[in-house]
Amino acid sequence: ERDEGSNFARDGGATQEILREEASTVKNADLKEVLPHGFAIHHAGMGREDRELVEDLFADRHIAVLCTTATLAWGVNLPAHAVIIKGTQIYDPAKGRWAELSPLDVLQMLGRAGRPQYDSEGEGIIMTQHSELQYYLSLTNLQLPVESQLIKTLPDHLNAEISLGTVQNISEAVDWLSYSFLYIRMLQNPGLYGIVNPEQTLKEDPTLKRRRLDLAHTAASLLEKSHLARYDRKSGALQSTPLGRIASQYYLSHTLMALYSRHMRPNMSDIELLRLFSLSGEFAHITVREEEKLELAKLAAKVPIPVKESPNEPSAKINILLQAYISRLKLDGFALVSDMAFIQQSAARIM
Numbered sequence: 113e114r115d116e117g118s119n120f121a122r123d124g125g126a127t128q129e130i131l132r133e134e135a136s137t138v139k140n141a142d143l144k145e146v147l148p149h150g151f152a153i154h155h156a157g158m159g160r161e162d163r164e165l166v167e168d169l170f171a172d173r174h175i176a177v178l179c180t181t182a183t184l185a186w187g188v189n190l191p192a193h194a195v196i197i198k199g200t201q202i203y204d205p206a207k208g209r210w211a212e213l214s215p216l217d218v219l220q221m222l223g224r225a226g227r228p229q230y231d232s233e234g235e236g237i238i239m240t241q242h243s244e245l246q247y248y249l250s251l252t253n254l255q256l257p258v259e260s261q262l263i264k265t266l267p268d269h270l271n272a273e274i275s276l277g278t279v280q281n282i283s284e285a286v287d288w289l290s291y292s293f294l295y296i297r298m299l300q301n302p303g304l305y306g307i308v309n310p311e312q313t314l315k316e317d318p319t320l321k322r323r324r325l326d327l328a329h330t331a332a333s334l335l336e337k338s339h340l341a342r343y344d345r346k347s348g349a350l351q352s353t354p355l356g357r358i359a360s361q362y363y364l365s366h367t368l369m370a371l372y373s374r375h376m377r378p379n380m381s382d383i384e385l386l387r388l389f390s391l392s393g394e395f396a397h398i399t400v401r402e403e404e405k406l407e408l409a410k411l412a413a414k415v416p417i418p419v420k421e422s423p424n425e426p427s428a429k430i431n432i433l434l435q436a437y438i439s440r441l442k443l444d445g446f447a448l449v450s451d452m453a454f455i456q457q458s459a460a461r462i463m
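Numbering (the numbering used here), first residue to last: 113 to 463.
Have a look at this one:
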């Protein structure tokens, strides 16, 4: 068979010497195997040193082919000549099924190809099912409008404004919404944002002030229920609370703060604190995979603070992985390493 490895790292060239030398220092076994041939991998389960090495080598054009996860397109600025998206479906834990990548993710990934300051042209290749062909043709032709997602997290954004003092009453909250992308899209596509009889509504209320008031009132009521803000319904005054300021400063959702407010006590033990942390909404998407159960059971026996729940429970997995990180226990599974990195980052912010 013809050896085409020289297409990526030429024999005897400076690039191959550099790759061989760097390969001897990497910790990831898979990366160590492919790096001398001009290939590399990049994902959250790798160590920071390995990831930074890959990024530097790719930016310096020593690595010809980089296989990476979708998150690289958002987190690291690595221009390329060609981008190949191999498969457009990812597992969505919230829906419990496989779902198509969001249009923003696809455009962000394709946007890495042919950056003007680095290349004169670029190529973007999408490998997907035939049934999705028209969708991606529309996407690349910019025929799909971008819609606002603000309603889902409106209470948290409003809490930040109240904490800053930029919104002090419900009237100011209504005005604040008029400067949002949500307001622009509500005027353009009212039916999508829960506005009944759009034509009649826009005739009677061209600025959708009643709808904005309804959204602001609902968000303020949720903040009051979660003890993040004080809401005087008679005067419309909004005032931040200490919990609200903490939530705003550390980017904590109102649902998470409500959970902690209900269950937090001054004399809680370490076991109770870790259990409460493991119930945080930030980890709703974390599940226990079949191949992880054995390793989690072994880790549960090693961690310093006992875990009452079965290792098969997602909350137990979160508890175990946080303790494993603090105790510097070694993990074998790539998926567990990735989950632990996410839990550790969230713990630094929440705790």
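Glycine included, every Cβ here is placed at the ideal spot set by N, Cα and C.
Going by C-alpha distance, which of the options is nearest residue i?
i	options	result
L219	T200, L408, S292	T200
Y437	H329, Q456, I417, M239	Q456
E403	L131, E384, L448	L448
Q261	Y295, K442, Y248	Y295
Q300	D326, E316, V258, S338	V258
S365	S458, V419, L350, L222	S458
G445	S347, L131, G157	G157
D231	P191, Y247, Q241	P191
V195	E129, L335, Y372, R227	R227
D326	Q312, L314, I307	I307
Q229	N189, R387, L433	N189
L464	F151, P354, G356	Only positions 113 to 463 of the chain appear in this structure, which leaves residue 464 out of reach.
K337	T319, Y363, S373, A272	S373
L222	P354, A211, Y363, I197	I197
Y248	V279, L216, P423, L270	L216
E244	T353, A211, A453, R132	A211
A412	F395, G393, K405, I432	I432
T180	S347, R132, P148, D142	D142
E161	R173, H149, E134, P148	E134
H149	L169, K139, G159	L169
S465	H329, T353, I358, T252	Any question about residue 465 goes unanswered here, given that the chain covers just 113 to 463.
I430	K414, R461, F389	F389
V400	S422, E145, R173, L213	S422
K264	A331, T319, T313, P418	A331
Compute the minimum distance between the beta carbon of residue i and the heavy atoms of the ligand NAD, and state whether it is under 6 Å.
i	result
D444	The model on display carries no ligand, and the ligand NAD is accordingly not part of it.
Assign residue i to one of two classes, buried (16 or more other C-beta atoms within 10 Å of its C-beta) or exposed (fewer than that).
i	result
Q361	exposed
Y203	exposed
V166	buried
M298	buried
E233	exposed
Y305	buried
R324	buried
N379	exposed
P267	buried
L443	buried
H375	exposed
D451	buried
G55	Absent from the model: residue 55. The displayed extent of the chain is 113 to 463, so no value can be given.
R114	Residue placement at R114 cannot be trusted, given a pLDDT of 45 that sits under 50; what the coordinates show is reported in the next sentence. Exposed is the call here.
I383	exposed
L340	buried
E316	exposed
L368	buried
F293	exposed
Q435	buried
Q128	buried
T353	buried
L276	exposed
R387	buried
A285	buried
If you follow the alpha helix (DSSP H) that residue i is part of, which residue opens it and which one closes it?
i	result
R357	354-361
L385	382-390
T127	126-135
P426	426-438
V449	446-462
S373	366-375
From what residue to what residue does the beta strand (DSSP E) around residue i run?
i	result
A194	194-198
T180	177-180
According to DSSP, which residues form a beta bridge with residue i?
i	result
Y343	L350
Q201	E212
For chain D, find out if any of its Cβ atoms is closer than 7 Å to the Cβ of residue i; answer yes or no.
i	result
R163	Structure shown: chain D not included; a single protein chain is present.
| task | At 4 residues or longer, and completely inside the stretch 300-324: list those alpha helix (DSSP H) runs for me, N to C. | result | 310-316
| Sequence ranges, alpha helix (DSSP H) only - wholly within the stretch 208-291, length at least 4 | The stretch 208-291 contains these whole alpha helix (DSSP H) runs: 215-222, 245-252, 266-276, 282-289.
| said: Quick check on the DSSP output: what are the complete beta strand (DSSP E) runs of length 3 or more inside the stretch 142-168, in order along the chain? | reply: 151-154
| Complete runs of the alpha helix (DSSP H) confined to the stretch 387-419 [at least 4 residues] | Within the stretch 387-419, the complete alpha helix (DSSP H) runs of at least 4 residues are 405-414.
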